[in-house]
Structure formats: structure tokens, C-alpha cells
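Numbering (numbering that gives the first Met the number 0), first residue to last: 0 to 70.
Virtual Cβ for every residue (Gly too), placed ideally from N, Cα, C.
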Amino acid sequence: MNISRLASGFVLGLAAFMIFEWLMLAKNLGSGPARSTAFYVVHGILVCVNIVLAIVLGTIGWRAWSSSRRG
Numbered sequence: 000m001n002i003s004r005l006a007s008g009f010v011l012g013l014a015a016f017m018i019f020e021w022l023m024l025a026k027n028l029g030s031g032p033a034r035s036t037a038f039y040v041v042h043g044i045l046v047c048v049n050i051v052l053a054i055v056l057g058t059i060g061w062r063a064w065s066s067s068r069r070g
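Right, here's the structure in full:
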């Protein structure tokens with residue numbers, strides 16, 4: 000399967016945005032008002048899962064970008 004350079008650039012940008020967005024959410028959760036433990040556990044799981052998804056997307060985008068450059 001070949002992904003165009005434009006699509007691979009979009010996927011790389013999306014991965015970078017996802018990492019930035021979820022790290023900011025984690026930072027803001029830590030500095031917000033005190034909440035129940037379940038709230039922090041659920042949001043911590045969401046942050047971790049989405050960071051992993053962003054890394055997977057970034058890997059796919061990087062491989063597609065590299066392979067399109069080689070021709």
C-alpha cells in the first residue's frame with residue numbers, strides 16, 4: 000500500500016497534534032481542582048492510549064514519508 004507524500008505529511012502532523020493535545024490535557028488535569036480518583040484513572044488511561052495511538056500514527060506516517068522519498 001502506498002500513501003502519498005501529502006497524506007503522510009498529514010498523518011505526521013496529526014500525530015504531533017495528538018501528542019501535544021493530550022500532554023496539555025494531562026498537565027491541566029494535574030493543576031486543576033481536586034477530583035475523585037476514578038476521574039484521574041479514567042483520564043490517565045485516555046491520555047496513555049491516545050499517546051500510543053499517536054506514536055503508531057507517527058510511525059506509519061514516517062515510514063510512508065521515507066518510502067515516498069526513495070521512490
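Could you check if residue i is buried or exposed, using at least 16 other CB atoms within 10 Å of its CB as the buried criterion?
i, result
"Ala132", "The structure shown does not extend to residue 132, since the chain is modelled only from 0 through 70, so no value can be given for it."
"Gly29", "exposed"
"Ser66", "exposed"
"Val10", "buried"
Does DSSP put residue i in a helix, a strand or coil?
i, result
"Asn1", "coil"
Let me know the beta strand (DSSP E) ranges lying completely inside the segment 11–40, each 3 residues or longer, listed in chain order. none
Check whether the segment 31–43 and the segment 2–19 touch, using three or more Cβ-Cβ pairs below 8 Å as the test. no
Stretch-stretch touch, CB-based, cutoff 8 Å, three pairs: the segment 49–58 with the segment 18–25: yes
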